[in-house]
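If you count the sequence shown from 1, you need to add 179 to reach my numbering.
Step one of this worksheet: look at the structure below.
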Amino acid sequence: MTYKKVNSAEAYIAKVGEMVENGLEKFLVAEGDNPTQLAEAMRYSLLGGGKRIRPVLLFAAHESVNGNFANALPVACAIEMIHSYSLIHDDLPAMDNDDLRRGKPTNHRVFGEATAILAGDTLLTTAFSLLSNKKLYQKIDDSLLLEIISIIATASGINGMAGGQMLDILAERSAIEEENLLIEIHKKKTACLIAASLKVGALLGGASEKQTAALEKYGMEIGFAFQVADDLLDVEGSVDLLGKEIGSDVQRGKLTYPALYGVEKSRSHLHSLIESALETISFFDEKATPLRLIAHYIGYRER
Ligand code: GRG
């Protein structure tokens, strides 16, 4: 299979993005807005920004196995809340100390550090309150719901996103340059939550074991690719499209693909990851078209 650029994931992303935006607004309103400052800080980072790629992938996995979308929205919104919390905390002075995110001042720059920490914490806890609220679902089996909650918790915790972030910080501080560590960081920090989005989308759609395993594997591959693309964008992306400064990874001495292998090799690695993700779902029929388009989109993303 030869990897070629295609250009039509954007419409799918926009369609799911709009549903997710409305869902997030609705679920936040239901949680209440007192104390106001905390609610404002949560809304500031959660609404009106971001590609919503994790929810988009959840919906696309669901569609690929003929799911009826009945219960996809609360789960997709919960994952986006976890993602939003991670970005608020990632930007804090104690972590990346960033001033700009999605073209706007970072949460702590607007609301102060204490409120930003609480906004992140509260988005994380709200995600689990949402996930476990049976009133939000149309007829869902308790054991399925518990499995979904467990998958998302594991992907966010010490064996997933938070653990990956810790390894990332440790690698930066000790200037370690080692491929196996880089792979572990990218998998845990970024790919695990992306793969979890696909897996829960599959399970909610009633996927077979074979389909679920393939969708999770596809998720790890494109999740990894997504982070390699992120590394590349930090070297040669457009500040306007990204809405943040570039070059910060190099400045901090972060362990990234371009730092270890240079831009050309990193790009060819990114494309081979996309090819292998496409191969992983090659036995799916045309209902997996959105997943195929999104894989291409990740291979060439500019933001
Ligand atoms: C537990 C205190 C504490 C902090 C956790 C886990 C964590 C902080 C940070 C890790 C999250 C992180 C920054 C991962 C990098 C993944 C990545 C490429 C993020 C950007 O995601 P996009 O491009 O963002 O999907 P948008 O803006 O589109 O939503």
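Just so you know, even glycine gets a beta-carbon here, dropped at the ideal spot from N, CA and C.
- Per DSSP, the unbroken alpha helix (DSSP H) holding methionine 399 starts and ends at 388 to 415.
- Judged by their CB atoms, arginine 471 and leucine 457 are nearer to each other than the 8 Å cut-off.
- With at least 16 other beta carbons inside 10 angstroms of its own, lysine 433 counts as buried.
- Remark: the C-beta of histidine 287 is outside contact range of the ligand GRG, defined as less than 7 Å to any heavy atom.
- Distance check between phenylalanine 248 and each of Leu225, Leu297, Met198, Glu204 places Met198 closest, using alpha-carbon atoms only.
- In terms of Cβ geometry, leucine 236 and isoleucine 327 do not form a close pair [threshold 8 Å].
- Apart from the 5 residues on each side of it in sequence, aspartate 270 sits with its Cβ closer than 7 Å to the Cβ of Asp277, Arg280, Thr285, Asn286, His287 in its chain, given in chain order.
- Around the C-beta of lysine 378, 16 or more other C-beta atoms lie within 10 Å, and the residue is accordingly described as buried.
- Taken atom to atom, the span from the alpha-carbon of arginine 482 to that of phenylalanine 405 is near 11 Å.
- Per DSSP, methionine 260 is one residue of the alpha helix (DSSP H) stretching across 251 to 270.
- Excluding residues up to 5 positions away in sequence, Ala257, Met260, Ile261 lie with their Cβ nearer than 6 Å to the Cβ of alanine 306 in the same chain.
- When Cβ pairs closer than 8 Å are counted between the two stretches, the segment 228 to 245 is seen not to touch the segment 288 to 303, the count staying below three.
- Restricting attention to Gly339, Ala354, Gly343, the CA atom closest to the CA of arginine 431 is found in Ala354.
- Not one heavy atom of the ligand GRG lies closer than 7 Å to the C-beta of aspartate 413.
- The beta carbons of leucine 439 and phenylalanine 403 sit no closer together than 8 Å.
- Note on geometry: alpha-carbon atoms of phenylalanine 463 and leucine 309 lie some 31 Å from one another.
- The three-state secondary structure of proline 214, taken from DSSP, is coil.
- Distance from the Cα of serine 263 is smallest, within the candidate group Val244, Ala375, Ser243, Ala220, for Ala220.
- Not a single unbroken stretch of the beta strand (DSSP E) spanning 3 or more residues falls wholly within the segment 268 to 300.
- Bounds of the alpha helix (DSSP H) holding glutamine 344 are 340 to 353.
- For the pair threonine 333 and alanine 392, the Cα-to-Cα distance works out to about 17 Å.
- Residue environment for isoleucine 362: exposed (fewer than 16 other C-beta atoms within 10 angstroms of its C-beta).
- Taken in chain order, the segment 412 to 464 contains no complete beta strand (DSSP E) segment of 3 residues or longer.
- Taking every protein chain shown into account, the CB of glutamate 242 has 16 or more other CB atoms within 10 angstroms, so this residue is buried.
- A Cβ-Cβ separation of about 6 Å places leucine 203 in contact with leucine 226 under the 8 Å criterion.
- Look at threonine 369: its beta carbon is less than 7 Å from one of the heavy atoms in the ligand GRG.
- In the DSSP assignment, isoleucine 232 falls within the unbroken alpha helix (DSSP H) covering 232 to 243.
- In the DSSP assignment, asparagine 247 falls outside any alpha helix (DSSP H), carrying neither H nor E.
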